[in-house]
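Working notes, beginning with the structure itself.
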Amino acid sequence: MQLFDVYSLFDVTPVRAQGCRIWDDKGVEYLDLYGGHAVISIGHSHPHYIEALKSQVDKIGFYSNSVRNPLQEELATRLGRISGYEDYSLFLDNSGAESNENALKLASFATGRDKVIAFRKSFHGRTSGAVAVTDNPKIVSPFNANHKVTFCDLNDVDAVEKYLMKGDVAAVIIEGIQGCGGINLPDDEFMAQIRTLTEKYGTMLILDEVQSGYGRTGRFFAHQWAGIRPDIISMGKGIANGFPCGGVLISPKFTAVKGMLGTTFGGNYLAMAAALAVIDVMEEEKLVENALEVGTYLKENIPSSSLIKEVRGRGLMLGIEFNCPVAHIRQKLLYEKHIFTGVAGTDMIRLLAPLCLTLDQASHFINEFKNVL
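In this text, residue positions in the sequence shown follow numbering that gives the first Met the number 0: the first is 0, and each later residue adds one.
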């Protein structure tokens, strides 16, 4: 048997990692400025994180959600406190895509409606409902196609209101910052207008913070820069630093009904131990503040070049848009400079470093990036 060949793989085999550094099977050291698609939030192999998982394995690793799990309750309390959403409820699942599935279902349950507004260049996941609200034809199979989803341009409030006025839209779903679509930021004013319009027309506002949340932008959630409070917030990626975990924060306006949502593995003991350790480290090491400081330094010091069209983003969620394809630039950074980066489309280098990235490491990247340019 062989693996189903759907991934384009780099010729690198990581075997060990610490903080923002990775070592491969040949002993080569790399600087990680991608965090495995923004998953590594507190850094690789943090001692406290490792100890938390080891300790939990010695106690109990799994039982179903048919019994009380105090770790889930502790996470809900602490997550509410650190995020500023203490009055919201938490539903735990396994990934960002699953979180968006549950968010869409909740909005439809609550409103009795079946239509959704999403945005062009959006990405919300690869499961059925998440794909339907994702603007990427390459990953939408005929089975996934959903004609009840309308795509609007980001920051076009008139287009959104045109569809909301019909009174049949269950939800508007929007990313705090579009990640895969090219680090596209919704204007703060636009976010505030969308919040006002969804309330006016009885529509739920879903904020997809799977990639842009958990401290990455210098606020716990990216939408908090706009000063709004959505009805539902979906989370994943950085919530457990690599252990599969996702979650949905749910406004007090929703009423829970037994059986309306469910999951086998969501909120399991190991995931909760990992998620609690992440909050411990984020608070103790002030990683949200660090993301803003180091991210601002990075953004302000990316060298100017005729090759570069624009640098955009917030905190440690940055995109460097080029006037040319970037595949060869990314390869040079990886194979010659030993720096992991990501891409968005064909013309953008995407930086999603662990939140513990230091100023020295950021400076090292800038110098090596200059050399590559």
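By construction, the Cβ of each residue, glycine as well, lies at the ideal position given by its N, Cα and C atoms.
By the CB criterion at 9 Å, Ile338 and Leu8 fall outside the cutoff.
Counting C-beta atoms within 10 angstroms of its own C-beta, Cys323 has fewer than 16 neighbours from the protein chains shown and is therefore classed as exposed.
The secondary-structure analysis by DSSP pairs Lys114 across a beta bridge with Val168. Between Ser63 and Thr263 the beta-carbon gap is near 7 Å, inside 8 Å, which marks them as a contact.
In the displayed model, Met259 falls within coil according to three-state DSSP, outside both helix and strand.
Annotation: the continuous beta strand (DSSP E) that includes Asp23 extends over Arg20 to Asp23. Its Cα nearest to that of Ile182, the residue Ala37 stands out among Gly246, Lys147 and Ala37.
Between Thr202 and Ser98, the alpha-carbon positions lie close to 19 Å from each other. The beta strand (DSSP E) runs of length 3 or more contained entirely in the segment 116-155 are, from start to end of the chain, 148-151. Scanning Asp155, Arg218, Gly128 and Ser40 for the CA closest to the CA of Asp279 turns up Ser40.
The beta carbons of Asn300 and Cys355 sit about 19 Å from each other, so the pair does not count as a contact at 8 Å.
Between the C-alpha atoms of Ser88 and Thr254 there is a straight-line separation of about 10 Å. Between Gly341 and Leu317 a beta carbon distance of about 10 Å is seen, past the 8 Å cut, so the two are scored as non-contacting. DSSP places Glu198 in the uninterrupted alpha helix (DSSP H) bounded by Asp187 to Lys199.
When beta bridges are read from the DSSP output, Ala16 appears opposite Ile21. Taking Asp167 as the centre and dropping the five residues before and after it, the same chain places the C-beta of Arg112 and Lys114 closer than 6 Å to its C-beta, in chain order. Taking Tyr84 as reference, the option from Lys336, Pro353, Ile231 and Leu286 with the minimal CA-CA separation is Ile231.
Going by beta carbons, Arg119 and Leu153 fall inside the 9 Å limit.
Inclusion of Lys298 and Val310 in the CB contact set at 9 Å is warranted, their separation being smaller than that value. With a 10 Å radius around the Cβ and a threshold of 16 neighbouring Cβ atoms, Ile59 comes out exposed. DSSP places Leu206 in the strand class (E or B) of the three-state scheme.
Looking only at Glu188, Ala131 and Glu174, the smallest Cα-Cα distance to Val156 is reached by Glu188. The shortest C-alpha to C-alpha distance from Asp186 to any of Lys285, Gln55, Gly226 and Ile307 is the one to Gly226. Taking Leu315 as reference, the option from Glu292, Ser140 and Val325 with the minimal CA-CA separation is Glu292. If you draw a straight line from the Cα of Leu70 to the Cα of Pro243, it is about 16 Å long. If you ignore the 5 residues before and after His123, its C-beta comes within less than 6 Å of the C-beta of Asn99, Ala129, Val132, Thr133 and Asp207, all in its own chain and listed in chain order. If you draw a 10 Å sphere on the C-beta of Lys25, you find fewer than 16 other C-beta atoms in it, and that means exposed. Sequence-distant partners of Leu184 (beyond 5 residues in either direction) whose C-beta falls short of 6 Å from its own C-beta, in its chain, are Ile176. Between Ile172 and Ala221, the gap from beta carbon to beta carbon reaches 9 Å or more.
Distance from Leu358 to Tyr268 at the Cβ level is roughly 37 Å; contact not present, criterion being Cβ atoms closer than 8 Å.
Separation of the CB atoms of Pro251 and Cys19 is rounded to 38 Å, and the pair is thereby denied contact status at 8 Å. By the Cβ neighbour-count rule, Phe364 is buried, with 16 or more other Cβ atoms within 10 Å of its own. For Met271, DSSP records no beta bridge to any residue. Where Leu74 is concerned, there is no enclosing beta strand (DSSP E), although the alpha helix (DSSP H) around it starts and stops at Pro69 to Ser82. Taking a 10 Å sphere around the C-beta of Tyr6, we find fewer than 16 other C-beta atoms and assign the residue as exposed.
Gly217 and Gly237 have their C-alpha atoms roughly 14 Å apart.
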